Amino acid sequence: MVELENESTMDHITFRSDTVLSDVHLHIPNKRHLMVRLNAVGQPVFLSQFKILNGKDRSRDESHQHGKSHDTIESTELYARSDDEENGNLGYSNMQENSNNSPITTRGLEAVLDEDGDLEVSRRPQCDFVGVEDPPRHKAHPIILTKGYCDFIENEDGDSNRQDIIKIEHTMATTLEDVGKQVWRGAFLLADYILWCQDLFRGCTVLELGAGTGLTSIIMATVAKTVYCTDVGEDLLDMCDRNVTLNVHLLAPAGGEVKVRTLDWLKNELSEDPEIPFSWSEEEVADLHDHTTVILCADVFYDDDLTDALFKTLYRITHSLTNPCTIYLSIEKRLNFTLRHMDITCDAYNHFQDCLDSMKSLVDGKMRFTAETIETNFPQFFIYERIKHLDSQPDDEEYS
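Here you go:
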């Protein structure tokens, strides 16, 4: 039962200047985002279901984006890299149909001259809904539940344990310090790669740093043996742990296990204090050091100080591992105009590259690091906008 103790507050949600909003949910407006509770700090928590696309689903989705026949879609084609989208056109046809199958026409597509010969600039196309008394608004509204949401989902879908659905609790807007509670494109990109290259990770022990909602760790656990899903903050880790529980139907068939643990990049040691929630056991620390061969970092490079701390953590952890490992990093280049440069820059990405170059040049007598960019020409298994400024690259650690 979800009790709204302060309903008047919930009716007046506002965005402040320091609000950070993930745009993942904006690209899937036909999906339900159900508000299920308030977290420990009073933020609305939503439950979203993301479909894991199979080959047929991917072809259909890519065909819709390109306007092509299903037969012409190759499995490795990326709709985010089409020529139309490079020019800002998402590839949607100008002729659409509404829910009543009534045609929708567009006008205002061509620039014309007025009677004096002056150029009239074309405005955004306006839609005429022919024969539609109440035209669709195409807006998505979260549904606030007043009963158990798991029962609601089961009634809606007919099966709450479908193998092609991952359920994630998340927030939609937070301050910068709580962005881990949102779902970001970098997590989907890394999850795509895991599902495409499952043989690389089968039976592995994996560590994810800055796991956030745990989406990437959960997908990894469908093929890996053990995934240590780590972040910092009891409220965030509690949300992540709830997501693991929501998706046991995905983990059980493969036998993978997700262990949600705290790992602070600003501290040199793993917490083994049993009084601290989500702390490590001595056996888990030994297992991490003895068996880890893969480390994941999904879209965690947005603050220079945290980026520095992360690379120090990567060095410290890999220095303690028994086996060489591969570190998979995903990052989105977020372009901003800054007064300091008086230009459009990507400071966070540039700082990330500097740190990566420093790690590659590091020589300590025991190990060395190499790095390469993975081309994002592998298929999408989730519906999101894979923009051209989304990168994934492995950082291989090798012992000398």
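Residue numbers (the working numbering): 783 to 1182.
Cβ atoms here follow ideal geometry from the backbone N, Cα and C, with glycine treated the same way.
Values in this document were obtained by computation on a predicted structure and should not be read as measured data.
Segment limits, beta strand (DSSP E) that includes residue i
i: Pro1113; result: With the sequence shown as reference, residue 1113 is identified as Ile, and Pro is not the correct amino acid for it. Taken as a continuous stretch (DSSP letters only), the beta strand (DSSP E) holding Ile1113 covers Thr1108 to Glu1114.
Per DSSP, cross-strand counterpart(s) of residue i
i: Lys949; result: Gln831
i: Asp1013; result: Thr1044
i: Arg819; result: Val827
i: Leu803; result: Ala955
i: Thr1008; result: Thr987 and Glu1039
Boundaries of the alpha helix (DSSP H) in which residue i is found, first to last residue
i: Phe1134; result: Asp1129 to Lys1142
i: Leu997; result: Leu997 to Met1002
i: Asp1146; result: Looking at the DSSP string, Asp1146 is not in any alpha helix (DSSP H), and its letter there is neither H nor E.
i: Ala1091; result: Asp1086 to Ser1102
i: Ala1034; result: Note, Ala1034: premise wrong, no alpha helix (DSSP H); not H, not E.
Three-state class that DSSP yields for residue i in the structure shown
i: Leu991; result: strand
i: Ala1080; result: strand
i: Leu1019; result: helix
i: Gln980; result: helix
i: Gly870; result: Interpretation of Gly870 is limited by its pLDDT of 33, a score under 50 that renders its predicted location unreliable; no figure is taken from the coordinates.
i: Lys929; result: At Lys929, the pLDDT of 40 sits below 50, so the modelled position is not reliable; the number obtained from the coordinates is stated separately. In this structure, Lys929 counts as coil in the three-state DSSP scheme.
i: Ala973; result: helix
i: Glu1039; result: strand
i: Thr1075; result: strand
i: Thr1027; result: helix
i: Val961; result: helix
i: Leu1052; result: coil
i: Arg944; result: coil
i: Arg967; result: helix
i: Glu1057; result: coil
i: Glu1167; result: coil
Contact test: residue i Cβ vs the ligand SAM heavy atom, cutoff 6 Å
i: Ile1156; result: In the structure shown, the ligand SAM is absent, as is every other ligand, since no ligand is present at all.
Item to check | Three or more C-beta pairs below 8 Å linking the segment 1052–1061 and the segment 954–966 | outcome: no
Item to check | Cβ pair count under 8 Å reaching 3, the segment 1033–1041 against the segment 994–1007 | outcome: yes
Checklist entry - Quick one: any contact between the segment 1132–1148 and the segment 1079–1099, if contact means 3 or more CB pairs under 8 Å? => result yes
Checklist entry - Okay, do the segment 993–1000 and the segment 948–958 touch, 3+ Cβ pairs below 8 Å being the bar? => result yes
Next on the checklist: With three or more beta-carbon pairs closer than 8 Å as the criterion, would you say the segment 1071–1079 touches the segment 1100–1113?
Outcome noted: yes
Checklist entry - So does the segment 1156–1169 actually touch the segment 971–991, counting three or more Cβ pairs closer than 8 Å? => result yes
Next on the checklist: With three or more C-beta pairs closer than 8 Å as the rule, is the segment 1019–1034 touching the segment 980–988?
Outcome noted: no
Checklist entry - Taking contact to mean at least 3 C-beta pairs separated by less than 8 Å, is the segment 1059–1066 in contact with the segment 1092–1109? => result no
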